[in-house]
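According to UniProt numbering, the residues represented by the sequence shown are 1 to 203, in order.
Below is one structure, written out as structure tokens, with a few remarks after it.
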Amino acid sequence: MTQLDFLDGRKSVRTFDPTAQISNQEIMDILSHAANAPSGNNFQPWKVFVVKNKEKQEILKNISFKQQQISDASAVFLIFGDKSNYDIQKIMKFNLENHIISENQLTEKTSRVHTYLKLHPEDISNEGLRFDNGLFAMNLMHTIRSFGYESNPMRGTDFQKIMEFLNIPQNLEPILMLPLGKPLKAGYPHRRYPTNDFVEIIE
């Protein structure tokens, strides 16, 4: 299988083996790789809650219009946007500690981010959260497949009820529910508009 075959082969799977289990280490490894997704100024404004408990998953299913894949999944990832990560001092400290920038570059890099955000304040609003977390979520879905699992991106749920049930802080912005597991059936076939419908090449 080529890399393109792998990418094109992603489908939303809604029928999981309810007996299949995933280890905590696999979950952490999956998320570690997924976190290599890009984000504006490398702020990484995501927060992930992982539900791996059948009783809790059953409650999540009932909150989510009784969609069976939630209770059958090996785990359910809940992705939230975290605006507290839009912190220039925090990311610059991280960049220094990880030798991404040097002390000599700190003032110039910090000034550049401040200037950019004055031009694009929406990048640290809910708009920016959804953009950055969308990149993370897509990378996560491909990473899940590389570990031999499949997933189903969902927003068909009542996130407010989920946050209350799981005591998730209200300052977080709900982005996506992502059940994952071992597939029992192939994912839904998909067709997409031809490229001529949405591409214009400017020469």
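For glycine and all other residues, C-beta sits at the position ideal for the given N, C-alpha and C.
Just so you know, these numbers come straight off a predicted model, no measurement behind them.
CA-CA distance, G187 to S151, rounds to 9 Å.
DSSP places G40 in no alpha helix (DSSP H); its state is neither H nor E. By the CB criterion at 7 Å, A37 and N196 fall outside the cutoff.
Taking 7 Å as the cut-off, the beta carbon of P45 is found closer than this to the beta carbon of L129.
Within the same chain, and ignoring the five residues on either side of T110 in sequence, the residues whose Cβ sits closer than 7 Å to its Cβ are I88 and M92. In this model, D158 and V50 are separated by some 17 Å (Cα to Cα).
In the DSSP assignment, the residues bridged to G181 are E150.
A contact between stretches requires three or more CB pairs, one per stretch, nearer than 8 Å, and the segment 59-77 fails this requirement with the segment 111-121.
Note on M141: 16 or more other CB atoms within 10 angstroms of its CB, so buried under the neighbour-count rule.
Collapsing the DSSP output to three states places G9 in coil.
For A75, the secondary structure class from DSSP, reduced to helix, strand or coil, is strand. Ranked by how close their Cα comes to the Cα of T143, the residues L178, N167 and L117 have L178 in first place.
When the Cα atoms are used, Q21 and I30 turn out to be separated by approximately 14 Å. In the DSSP annotation of this structure, the continuous segment of the alpha helix (DSSP H) that includes K90 starts and ends at I88 to E97.
Counting along the chain, the unbroken alpha helix (DSSP H) around K118 starts and ends at E103 to L119. Exclusion of the five residues before and after R14 leaves Q69 and N152 as the residues of its chain whose Cβ lies within less than 6 Å of its Cβ. The shortest CA-to-CA distance from N167 to any of D123, K90, N98 and K56 is the one to K56. Within the same chain, P45, W46, K47 and L172 come within 7 Å of D82 by CB-CB distance, once the 5 residues on both sides are set aside. P174 is the residue among P174, H120 and E58 whose C-alpha sits nearest the C-alpha of A137.
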